[in-house]
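Protein chains in written order, with our numbering: chain E, 2 to 118; chain Y, 462 to 592. Glycine residues also receive a C-beta, built at the ideal position from the N, C-alpha and C atoms. What follows is a set of notes on a single structure, which appears directly below.
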């Protein structure tokens, strides 16, 4: 599927004049370059979120699913967390959700882009 | 991510920069989610803000800290203590439900609140110059 973007993009003429040497048209070269760029950017996003997510797992000694379930049901667990780990666990819960679900969001996008190749 | 969320974050950052000292923030986005972290100083207190839009639900945390002491903390986390306060018991039927509430006195007391926006929090700070 193609999308027309209103903004135009300027291509360095010294790059454009080389493309015929590789039997590539400009459109397919730009598509391939954008695909590589997005794959790199999304991979970096996923790596960053995984790194942060791991810090939460270490801090609370459990995974996101366990933490979010216990925190929603177990008052004693919250008291324990607030006295020994963090009084600001609500903020961590939000941040952790962003990491956990964000990894899935970006992984799906990455899979879609890879399927285009 | 929804353009309105980016606009909301921009408005929060602008307001915060006007009223907090040493204000700094960072945002991150996925195709489905957006998060804002912001911190600053208000009088002698440290302010910590987190706003998350996830699965079309807004989750907020607004803390007023004196050192490590939580003077006030507005949030809508699914805290079972807030669930008990609202429904009289903690049960499976309300587990995970986001309940707007306010922590006071280093989280030793809690009251239920209406859903808060950042502008409500700023208004509350202005009306409660107790710190």
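Per-residue contacts from residue i into chain Y (C-beta, under 9 Å)
i                     : result
residue 79 of chain E : 540, 541, 542
residue 96 of chain E : 496, 498, 511, 513
Reduced DSSP category for residue i - H, G, I as helix; E, B as strand; rest coil
i                      : result
residue 88 of chain E  : coil
residue 105 of chain E : helix
residue 19 of chain E  : coil
residue 546 of chain Y : helix
residue 567 of chain Y : coil
residue 483 of chain Y : strand
residue 540 of chain Y : coil
Close-in-space but distant-in-sequence residues of the same chain around residue i (CB under 7 Å, 5 per side omitted)
i                      : result
residue 39 of chain E  : 114
residue 506 of chain Y : 525, 526, 527, 532, 592
residue 546 of chain Y : 571, 573
Unbroken alpha helix (DSSP H) run spanning residue i, endpoints
i                      : result
residue 74 of chain E  : 65–74
residue 520 of chain Y : Segment 518–527 is the beta strand (DSSP E) holding residue 520 of chain Y; no alpha helix (DSSP H) there.
residue 34 of chain E  : 27–61
residue 464 of chain Y : 464–480
residue 580 of chain Y : 579–588
Close-in-space but distant-in-sequence residues of the same chain around residue i (CB under 6 Å, 5 per side omitted)
i                      : result
residue 579 of chain Y : 473
residue 539 of chain Y : 557, 558, 559
residue 499 of chain Y : 477, 486, 510
residue 548 of chain Y : 555
Own chain residues within Cβ distance below 8 Å of residue i, not counting five before or after
i                      : result
residue 79 of chain E  : 72, 90
residue 568 of chain Y : 531, 534
residue 27 of chain E  : 12, 17, 20
residue 482 of chain Y : 501, 502, 503
Where the beta strand (DSSP E) containing residue i begins and where it ends
i                      : result
residue 510 of chain Y : 506–515
residue 502 of chain Y : 494–503
residue 536 of chain Y : 530–536
Closer than 7 Å at the beta carbon, the chain Y residues around residue i
i                      : result
residue 85 of chain E  : By Cβ distance, chain Y contributes nothing, its closest Cβ being about 13 Å from residue 85 of chain E, past 7 Å.
residue 119 of chain E : Since the first and last residues shown for chain E are 2 and 118, residue 119 of chain E lies out of range.
Where residue i meets chain E, residues with beta-carbon distance less than 9 Å
i                      : result
residue 549 of chain Y : What residue 549 of chain Y touches in chain E: nothing, since even the nearest Cβ is about 14 Å away.
Neighbour flag for residue i against chain C, beta carbons, 9 Å
i                     : result
residue 66 of chain E : No chain C appears in the structure shown, which is made up of the protein chains E and Y.
Neighbour list for residue i in chain E, Cβ cutoff strictly below 7 Å
i                      : result
residue 491 of chain Y : 103, 106, 107
Cross-chain neighbours of residue i in chain E, by beta carbon under 8 Å
i                      : result
residue 463 of chain Y : Within chain E, no residue comes near residue 463 of chain Y; the closest Cβ sits about 14 Å away, beyond 8 Å.
Report task. Mind checking the segment 103–117 of chain E against chain Y and listing, in chain order, the residues whose C-beta falls within less than 7 Å of any C-beta there? Result -> Taking 7 Å as the Cβ-Cβ cut-off against chain Y, the residues of the segment 103–117 of chain E that qualify are 103, 106, 107, 110.
**Report entry** the segment 575–587 of chain Y: positions lying closer than 7 Å to chain E by Cβ
**Finding:** Within the segment 575–587 of chain Y, no residue qualifies.
Query raised in the report: Got a sec: which bits of the segment 40–51 of chain E sit with their beta carbon under 7 Å from any beta carbon on chain Y, in order along the chain?
Result: For the segment 40–51 of chain E, there are no residues whose beta carbon sits under 7 Å from a beta carbon of chain Y.
Report task. Return the residues of the segment 516–530 of chain Y that lie within a Cβ-Cβ distance of less than 9 Å from chain E, sorted by chain order. Result -> Residues passing the 9 Å Cβ filter: 516, 520, 521, 522, 524, 526, 529, 530.
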